[in-house]
Amino acid sequence: MEIIKTDIEGVLILKPRIFGDERGYFYESYNRKDLKELATQIPDFVQDNQSYSTYGVLRGLHFQKAPYAQAKLLRVVEGKVLDVAVDLRPGSPTFGKHVSIELSGDNHLQFFIPEGFAHGFSVLSPEVIFQYKCSAYYNKESEGGIIWNDPDLGIDWKLPERDMILSPKDRLHPTLSQYIKSL
1185 MEIIKTDIEG
1195 VLILKPRIFG
1205 DERGYFYESY
1215 NRKDLKELAT
1225 QIPDFVQDNQ
1235 SYSTYGVLRG
1245 LHFQKAPYAQ
1255 AKLLRVVEGK
1265 VLDVAVDLRP
1275 GSPTFGKHVS
1285 IELSGDNHLQ
1295 FFIPEGFAHG
1305 FSVLSPEVIF
1315 QYKCSAYYNK
1325 ESEGGIIWND
1335 PDLGIDWKLP
1345 ERDMILSPKD
1355 RLHPTLSQYI
1365 KSL
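The C-terminal position of the sequence shown is numbered 1367 in this note's numbering, with every residue numbered one higher than the one before it.
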């Protein structure tokens, strides 16, 4: 597996080795021992999640506050998303900055997001099956969010706004500056 660093410390792209032939392909999507040798900040994961969505769905930007903050290892089984991580770590030199990457069932890339980030994704294909590992269990009381279209973040979700499908809750998150004031 190849580890690719991003512009934000701790956020990584993982590129697995694919073994393919006329029958199809095989790859190891997770190997704790190998991954910890390549990237020492990888936590122990305690929960696996899977979601199904259709074109235009935008989920996020979500996070959990300490002590339930989650690191995530994300991948797409089928379809394509734009996956986004926003740095919310106090004192970080990249606080408020984001990294985005297209994950797909074809490119097999994975995205590691450490604790202290808001996460979201937009669905770019007709359907998507999205899987991710979490380092902490879900805790409803600790959930938080940042509004998807915060102009200070300037995230290009790669979708026309008229095609975006958001939950009522995701339409009501505060901006980053409102979130900072609430701390």
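The beta carbon of each residue, even a glycine, is placed where N, CA and C say it ideally should be.
Considering residue i, what are the terminal residues of the beta strand (DSSP E) in which it resides?
| i | result |
| --- | --- |
| residue 1254 | That residue, residue 1254, is in no beta strand (DSSP E); it is neither H nor E in DSSP. |
| residue 1188 | 1186 to 1189 |
| residue 1307 | 1301 to 1307 |
| residue 1209 | 1208 to 1210 |
| residue 1238 | 1231 to 1238 |
| residue 1196 | 1196 to 1199 |
| residue 1311 | 1311 to 1318 |
| residue 1337 | Per DSSP, residue 1337 belongs to no beta strand (DSSP E) and is neither H nor E. |
| residue 1246 | 1242 to 1248 |
| residue 1297 | 1294 to 1297 |
| residue 1205 | 1203 to 1205 |
| residue 1263 | Segment: none, residue 1263 is in no beta strand (DSSP E) and carries neither H nor E. |
| residue 1327 | 1327 to 1329 |
Measuring CA to CA, which of the options is closest to residue i?
| i | options | result |
| --- | --- | --- |
| residue 1348 | 1238, 1188, 1366 and 1278 | 1238 |
| residue 1331 | 1277, 1339 and 1324 | 1339 |
| residue 1326 | 1309, 1359, 1271 and 1252 | 1252 |
| residue 1243 | 1266, 1230, 1224 and 1226 | 1266 |
| residue 1201 | 1192, 1207 and 1187 | 1187 |
| residue 1286 | 1359, 1350 and 1261 | 1261 |
| residue 1193 | 1220, 1185, 1199 and 1300 | 1300 |
| residue 1334 | 1245, 1249 and 1319 | 1245 |
| residue 1320 | 1310, 1284, 1313 and 1249 | 1249 |
| residue 1219 | 1196, 1240, 1313 and 1312 | 1196 |
| residue 1309 | 1226, 1191 and 1264 | 1264 |
| residue 1232 | 1257, 1241 and 1216 | 1257 |
| residue 1191 | 1354, 1278 and 1314 | 1278 |
| residue 1350 | 1341, 1314, 1241 and 1363 | 1241 |
| residue 1236 | 1313, 1344 and 1288 | 1313 |
Can you have a look at residue i and say buried or exposed, based on whether 16 or more other CB atoms are within 10 angstroms of its CB?
| i | result |
| --- | --- |
| residue 1316 | buried |
| residue 1298 | buried |
| residue 1356 | exposed |
| residue 1306 | buried |
| residue 1226 | buried |
| residue 1296 | buried |
| residue 1284 | buried |
Got a sec, what are the start and stop residues for the alpha helix (DSSP H) residue i sits in?
| i | result |
| --- | --- |
| residue 1363 | 1360 to 1365 |
Please report the Cβ distance between residue i and residue j, rounded to the nearest whole angstrom; I am assuming they are in contact, meaning their Cβ atoms lie under 8 Å.
| i | j | result |
| --- | --- | --- |
| residue 1292 | residue 1211 | 6 Å |
| residue 1294 | residue 1259 | 4 Å |
| residue 1303 | residue 1255 | Their Cβ separation, rounded to whole angstroms, is 10 Å, which puts residue 1303 and residue 1255 out of contact at 8 Å. |
| residue 1337 | residue 1282 | 6 Å |
| residue 1280 | residue 1290 | Not quite, the Cβ-Cβ distance comes to about 32 Å (not below 8 Å), so this is no contact. |
| residue 1329 | residue 1229 | Actually they do not touch by this definition, with Cβ atoms about 22 Å apart. |
Between residue i and the ligand NAD, is there a pair consisting of the residue's CB and a ligand heavy atom that are separated by less than 7 Å?
| i | result |
| --- | --- |
| residue 1209 | For the structure depicted, the ligand NAD is absent and the ligand set is empty, with no information on it obtainable. |
Could you tell me which uninterrupted alpha helix (DSSP H) segments, each at least 4 residues in length, are contained entirely in the region 1265 to 1292, listed from first to last along the chain? Segments of the alpha helix (DSSP H) lying fully in the region 1265 to 1292: there are none.
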